[in-house]
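Report on the following structure.
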Amino acid sequence: MSKTALLEWSGFEGLPDFSKIRDEDFKPAFEEALKDAEAEIEQIAASPEPATIDGFLQSFELAGQPLDHVCSVFFLRSGAYSNDLIQQLEQDFVPKLSRYSSKLMMDPRLFAKINALHDEAKKNAFDAETTRVIELTWKGFVRNGALLDEMDKKRLAEINERLALLGAQFGQHVLNDEAEWVLYLEKKDLVGLPDDLIATMKETANERGKTDSYALTLARSVVEPFLTFSDRRDLRQIAFEAWAKRGENGNKNDNRKIISEIVALRDEKAKLLGFKSFADFKLDNTMAKTPDNVMKLLMPVWKRAVAKAEKEAEELQKLAAQTGSNDELAAWDWRYYAEKLRTKLFSFDEASVKVYFELNKMIEAAFATAKKLFGVTFEEKHGVPLWHQDARLFEVKNPDGSLRGLFIGDYFARPSKRSGAWMSELQTEHHLGKGRKPIIYNICNFAKPPKGKPALLSLDDARTLFHEFGHALHGLLSEVKWPSVSGTSVARDFVELPSQLFEHWVTVPETLKTYARNVKTGEPMPQELLDKVLAARTFNGGFDAVEFTASALVDMAFHAGGKVDDPTEFEKNELKKLGMPKAIIMRHRPPHFTHVFTGDGYSAGYYSYMWAEVLDSDAFEAFEETGNAFDPQTAEKLKKYIYSAGGSRDPEELYKAFRGRLPSPDALMRKRGI
792 MSKTALLEWS GFEGLPDFSK IRDEDFKPAF EEALKDAEAE IEQIAASPEP ATIDGFLQSF
852 ELAGQPLDHV CSVFFLRSGA YSNDLIQQLE QDFVPKLSRY SSKLMMDPRL FAKINALHDE
912 AKKNAFDAET TRVIELTWKG FVRNGALLDE MDKKRLAEIN ERLALLGAQF GQHVLNDEAE
972 WVLYLEKKDL VGLPDDLIAT MKETANERGK TDSYALTLAR SVVEPFLTFS DRRDLRQIAF
1032 EAWAKRGENG NKNDNRKIIS EIVALRDEKA KLLGFKSFAD FKLDNTMAKT PDNVMKLLMP
1092 VWKRAVAKAE KEAEELQKLA AQTGSNDELA AWDWRYYAEK LRTKLFSFDE ASVKVYFELN
1152 KMIEAAFATA KKLFGVTFEE KHGVPLWHQD ARLFEVKNPD GSLRGLFIGD YFARPSKRSG
1212 AWMSELQTEH HLGKGRKPII YNICNFAKPP KGKPALLSLD DARTLFHEFG HALHGLLSEV
1272 KWPSVSGTSV ARDFVELPSQ LFEHWVTVPE TLKTYARNVK TGEPMPQELL DKVLAARTFN
1332 GGFDAVEFTA SALVDMAFHA GGKVDDPTEF EKNELKKLGM PKAIIMRHRP PHFTHVFTGD
1392 GYSAGYYSYM WAEVLDSDAF EAFEETGNAF DPQTAEKLKK YIYSAGGSRD PEELYKAFRG
1452 RLPSPDALMR KRGI
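Residue numbering for the sequence shown follows the numbering used here, beginning at 792 and increasing consecutively.
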């Protein structure tokens, strides 16, 4: 098939027609689209007409749509369904895109036009959203080198191009390390494991041609429950060390040299642009504003988290001794003994809860929550080709029945998919020109059950599903004019608010009573078990907070200086200074910290999950204060000022419009039980 299917989308309701897209189409389509985008931008830059909203800004915002089409499908594939050719093409495309972006953002003709509009905007010549778009666009040019001299522009472009390639390589290395590692087990090795995990491991082994074995892989949805339930300490250690050392094995996928180069280049980039450090550069464009403000949030949480984690470790060590173990508590023991302690304290274990969290019911629960809060409905459409047979398509309808957009969920782990969970878009919403409806997707990595068997989730998995769906709603409910401020195009430390807030509705009693139903009997979760599940929400809170906050603090440390010769030694020294508990490691160790080193989206920004947690904890209390988790008036304000507003206004202004004030960290401390 020709490259046309990538350039011009002609599928169902404006989707690309995935049945006509071959891997071989990406390269010619990309080259044609990039050439056309460069010509389109050149025409805009060369125009002798004075800069106006219609004549310049609208054209600039809408430029390069065929390139957007090709790239959105390609980068979906590189994350969710990759292969050798896709990885090879990624290393070709990414530097070229960086070169194109640098040329565009450093063009003095384009900057002169946006600068003229920026001057005009200071006179209150435009509406509030347009003024904000002008301000953000102007700042984007400046942050990408528009004010530098030619020599520094050239060097910045070189740095950006090299960083783009290194980021792609980093992510591919992690994907390959995860996909290539497998431990085949026999039946005698499965002691302690729940039936659903055994079935998944059996199915995975069958798929790999090992019909008499059980495959333990590094998919989080497999390795974490294995560490939680396996009675075999020796196997837990093997699995944990493989999980912890992704990207650090001295093989072709080792990321340590890449980290050193990325950190050095980012520091050089920041200094070229007039900032003290890369952390200062990144935070200048966020709610937090400065590294000091980030540390004022993280350090009090860290101190409380460590104190609680140390008490938790003492309790786990005692429990281990009571069960006959003389071994010192190690990182591969924590989840195992924590699960036993939770069972002892609350009289339930994770396996007994999972039978109530079936994937389809949790998807239904997320959709029902969105309907109750925001009035939107979801209808599954079958027979429409997508990128993989596991992906599922839903039409999203407004309260009046009109089409709002499309949502796609791709829920199961596979070797060709990057680990973790994320939301992205094939197309964002806007009202500019003819306008555009959003096409949003969620990627998850839940363990796929054998054919005909239900997919059971842990409570954490259910929260992940709701989290990513919260991001999806941020894209689907967007109501803005300008594409550049649509949906999740907001400050990094604000973008996690809609997702983390939506997680709260998983454990709302009404949700659990309606959708947490026994997969075999259809009976709702008994009130007694429900009460125990809710009471246990802050159990192991010290561990959770330490695991996360350590990652955020080390991320900040990497980007506050300029040189890291040995990332492993750097990590070790930073954690020693912090007083990291011995039996806990970072949630994401540097060699596989894709948030931070695969692109710079969360670099010097991993703290933003906790920054947003301050907001989401306080925001949910707005509902609790009404006595109704679905209070219509509060939900209407939430939709208007948070989920629909995108980046059309300053995030502090939006939050205050919703809540009437900015929050303090107190709600976060209460939520985490620290």
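Every residue, glycine too, gets a C-beta built ideally from N, C-alpha and C.
None of the values given here were measured: they were computed from a predicted structure.
- According to the DSSP secondary-structure assignment, A1341 is paired through a beta bridge with no residue.
- Each residue's CA atom was taken as its position, placing S873 and E881 some 10 Å apart.
- Per the C-alpha coordinates, the member of D1181, F1169 and L1429 positioned closest to A1238 is D1181.
- Excluding sequence positions up to five before and after W1213, its CB lies within less than 6 Å of the CB of I1234, all in the same chain and listed in chain order.
- Taking all protein chains in view, the Cβ of G1370 is surrounded by fewer than 16 other Cβ atoms within 10 Å, so the residue is classified as exposed.
- Assignment of beta-bridge partners to Y1005 by DSSP yields L976.
- Taking C-beta atoms as the reference points, A1458 and K1428 fail to come closer than 9 Å.
- In this structure, DSSP gives F1237 an extended state, which the three-state scheme calls strand.
- Contact check for H1383 against R1037 passes: the beta carbons are separated by less than 9 Å.
- With respect to P807, L1074 sits apart: the two C-beta atoms are not nearer than 9 Å.
- Cβ contact annotation for G802 (same chain, cutoff 6 Å, sequence separation greater than five): D808, in chain order.
- The beta carbons of D1045 and A1061 sit no closer together than 9 Å.
- The three-state secondary structure of G1196, taken from DSSP, is strand.
- Distance check between Q849 and each of K1272, G936 and L1089 places K1272 closest, using alpha-carbon atoms only.
- Cα atoms of D1118 and G1333: separation of roughly 22 Å, rounded to the nearest angstrom.
- Only buried fits A1426, as 16 or more other CB atoms lie within 10 angstroms of its CB.
- Distances from the CA of T1081 to each of T1279, G1396, P1240 and T922 were compared; the closest alpha carbon is that of G1396.
- It is roughly 20 Å from the alpha-carbon of I844 to the alpha-carbon of G1437.
- The Cβ atoms of S1435 and E1270 sit closer than 9 Å to each other.
- Shown here, H1379 sits in coil according to DSSP, grouped into three states, outside any helix or strand.
- For Y1232, the three-state secondary structure derived from DSSP is strand.
- Under the three-state reduction of DSSP, R813 is assigned to coil, being neither helix nor strand.
- For K1094, the three-state secondary structure derived from DSSP is helix.
- Linking L876 to D883 through their CA atoms gives a straight-line distance of about 11 Å.
- Check the Cα spacing between N906 and each of V933, F1158 and V1144: the tightest is with V933.
- DSSP lists F1185 as the beta-bridge partner residues of E1171.
- Taking 9 Å as the cut-off, the beta carbon of L1256 is found no closer than this to the beta carbon of F1198.
- Judged by beta-carbon spacing, L974 lies within the 9 Å limit of A1033, meaning their Cβ atoms are closer than that value.
- Judged by DSSP in its simplified three-state form, Q1218 adopts strand.
- Listed in chain order, the non-local C-beta contacts of L1325 below 7 Å within the same chain comprise T1298, local neighbours out to five positions each way being set aside.
- One Cα belongs to D1251, the other to T795, and the distance between them is close to 42 Å.
- Rounded to the nearest whole angstrom, the CA to CA distance from Y891 to R1440 is 28 Å.
- Distance from the Cα of A854 is smallest, within the candidate group L867, A836, R868 and E840, for A836.
- In this structure, the straight-line span from the alpha carbon of P1381 to that of E1039 is close to 9 Å.
- For the set E1106, Y1147, A1121 and A1159, the Cα lying nearest the Cα of R1133 is the one of E1106.
- Within the region 940–989, the runs of alpha helix (DSSP H) that reach at least 4 residues and sit entirely inside it are, in chain order, 941–971.
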